[in-house]
Amino acid sequence: MSIEFGAHTFAAVPQIDGRPQSHAQVLRDVVAEGIAAERAGLSFFGIGEHHREDFAASAPEILLAALATVTERIRLGTAVTVLSSNDPVRVFEQFSTIDGISGGRAEMIVGRGSFVESFPLFGYRLEDYQDLFEERLELLAALVREEPVTWSGRLRTPLAEQQVFPRSHAAEHGGRMPVWVGVGGSPESVIRTARHGFDMMLAIIGGSPAQFAPFAGLYRKAMEQFGHVDDAGMPLGRVGMHSPGFIAETDEEAKRILLPNWLRFRNRLGRERGWGEATEREFDAQIAEHGALFAGSPETVAQKIAWAIETLGVERFDLKYDAGTSHEENLRSIELFGSEVVPRVRALLGS
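1102 is the number of the first residue of the sequence shown in this note's numbering; add one for each residue after it.
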């Protein structure tokens, strides 16, 4: 089995000398980190969409277009596009533009996201949370075929034999832009993804990756039942996993750098959502052998990634490498991921 490796960023705003860095500087740093990911030999670089003060990338497609002009090989996408509060037509137009600029390197990872600030910002009702995503995913599935679209739903004006431009580089060369759906762990989300024939990205941010193993099997079974199979009758579609982490030269150095930043972000979110204060014990449980946080030395992280890949049977592992860590620390983590972790994982898996 061929395994790909990618890096994700949420453009988290670090604290520099006790003060938040400017959003403008964080955005420039993200572009530099995307370039570093290509130099490190990674296959994919993804930027998450957020509409909050503590994350700088509210328009990741613009950052991806910038990266398309200064990279040559690495695939570029969002992680994720919050499809519920985006118009699928506009999403398609943006990605087909990136695909053209980059020579066919655009990928979408779409999802509902774990934050809801975009709903009031763009005039959507939280009561429509579920229906918005289902309708817009259905419309996106029609759009990426790049044929005239006739579609109607409850929450958007209908389309009648509508064509959308520009055509993607992928379509002009007989293919289709890749679309992944970020899945947080419900069987309904898995089935919905398979029904449309999209790839599935498991968003594993807590607990143990092993808990998600049944969803990979369910996805492949559903792809087969929906008729998304190759000429030999084998199910199409890829399964990937996204998990947070951080890599340094030693386990102790990784914890020293990551723990205070992890606690800062985790407790800010906890105060918003009514959770208790996070502790070092909770952090230690997440970085433990079977936890969801892939942090430590290259050897520690490689052993854990190899275990996760074998346990879930995924074709791609994407590391969300930033957690309020500094640009210099992020660059080093990316470099270690590509140059030391990935070769170790491939050796452990015998590939």
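Virtual Cβ for every residue (Gly too), placed ideally from N, Cα, C.
Cβ distance (whole Å) where residue i is taken to contact residue j below 8 Å
i, j, result
"H1329", "G1298", "4 Å"
"A1112", "V1131", "5 Å"
"T1426", "I1358", "6 Å"
"A1169", "S1203", "4 Å"
"A1424", "P1345", "6 Å"
"A1180", "H1343", "7 Å"
"G1172", "E1139", "Before going further, note that residue 1172 is Thr rather than Gly in the sequence given. Confirmed, about 5 Å."
"R1255", "E1235", "That belief does not hold up - the Cβ atoms of R1255 and E1235 are roughly 10 Å apart, past 8 Å."
"S1185", "L1233", "4 Å"
"F1458", "I1306", "For the chain, the structure presents residues 1102 to 1452; residue 1458 sits outside this window and is missing."
Span of the beta strand (DSSP E), counted from its first residue to its last, around residue i
i, result
"L1083", "Here the chain has residues from 1102 to 1452 only, and residue 1083 is not among them."
"E1436", "Looking at the DSSP string, E1436 is not in any beta strand (DSSP E); the run it does join, the alpha helix (DSSP H), is H1428 to L1437."
"H1047", "Here the chain has residues from 1102 to 1452 only, and residue 1047 is not among them."
"F1146", "F1145 to I1148"
"A1160", "First-last for A1160: undefined, no H or E at that position."
"V1282", "V1280 to V1284"
"L1208", "Correcting the residue type first, residue 1208 is Glu in the shown sequence and not Leu. Taken as a continuous stretch (DSSP letters only), the beta strand (DSSP E) holding E1208 covers A1207 to G1212."
"L1303", "D1300 to A1304"
C-alpha gap between residue i and residue j, whole angstroms
i, j, result
"D1331", "L1337", "6 Å"
"A1125", "E1436", "23 Å"
"E1378", "S1309", "21 Å"
"I1199", "S1123", "26 Å"
"F1196", "A1272", "12 Å"
"T1182", "W1281", "10 Å"
"L1360", "F1327", "44 Å"
"T1446", "E1353", "Note on identity: in this sequence residue 1446 is Val, with Thr being the wrong assignment. Distance between the alpha carbons of V1446 and E1353: 21 Å."
"A1137", "Q1387", "27 Å"
"P1288", "G1341", "16 Å"
"L1241", "A1141", "32 Å"
"V1291", "P1115", "34 Å"
"P1399", "F1266", "44 Å"
"R1433", "T1258", "47 Å"
"E1411", "Q1264", "42 Å"
"A1157", "F1366", "14 Å"
"F1395", "V1217", "26 Å"
"E1416", "A1407", "12 Å"
"V1443", "E1194", "34 Å"
"F1418", "V1402", "12 Å"
"F1145", "P1161", "14 Å"
"R1226", "A1333", "45 Å"
"K1421", "E1228", "30 Å"
"D1118", "R1339", "43 Å"
"S1269", "R1213", "24 Å"
"K1356", "R1120", "22 Å"
First and last residue of the uninterrupted alpha helix (DSSP H) at residue i
i, result
"A1409", "P1399 to L1413"
"R1129", "H1124 to R1140"
"T1172", "Segment: none, T1172 is in no alpha helix (DSSP H) and carries neither H nor E."
"S1219", "S1219 to L1222"
"Q1312", "That residue, Q1312, is in no alpha helix (DSSP H); it is neither H nor E in DSSP."
"S1440", "S1440 -> no alpha helix (DSSP H), and no H or E assigned at all."
"F1196", "P1189 to S1203"
"P1288", "P1288 to R1296"
8 Å Cβ cutoff, residue i in contact with chain C
i, result
"A1317", "Absence of chain C from the displayed structure is noted, only one protein chain being present."
Contact test: residue i Cβ vs the ligand GDP heavy atom, cutoff 7 Å
i, result
"T1258", "Absent from the structure shown: the ligand GDP. Ligands present: none."
Next item on the list: Identify every run of the beta strand (DSSP E) within the region 1324-1394, keeping only runs that are complete inside it and at least 3 residues long; order them along the chain.
Entry: 1340-1348
Notebook entry, point to check: Just checking, does the region 1214-1222 make contact with the region 1141-1158 on the three C-beta pairs under 8 Å criterion?
Noted result: yes
Check: Which runs of the beta strand (DSSP E), 3 residues or longer, sit entirely within the region 1238-1271?
Finding: 1250-1252 and 1260-1263
Margin query: With a threshold of 8 Å, are at least 3 pairs of Cβ atoms found where one atom belongs to the region 1241-1261 and the other to the region 1165-1179?
Written below: no
Next item on the list: Mind the definition here: the region 1308-1325 touches the region 1365-1384 only if three or more C-beta pairs lie below 8 Å; say whether that holds.
Entry: no
Checklist line | Contact between the region 1387-1397 and the region 1264-1278 (3+ Cβ pairs under 8 Å) | finding: no
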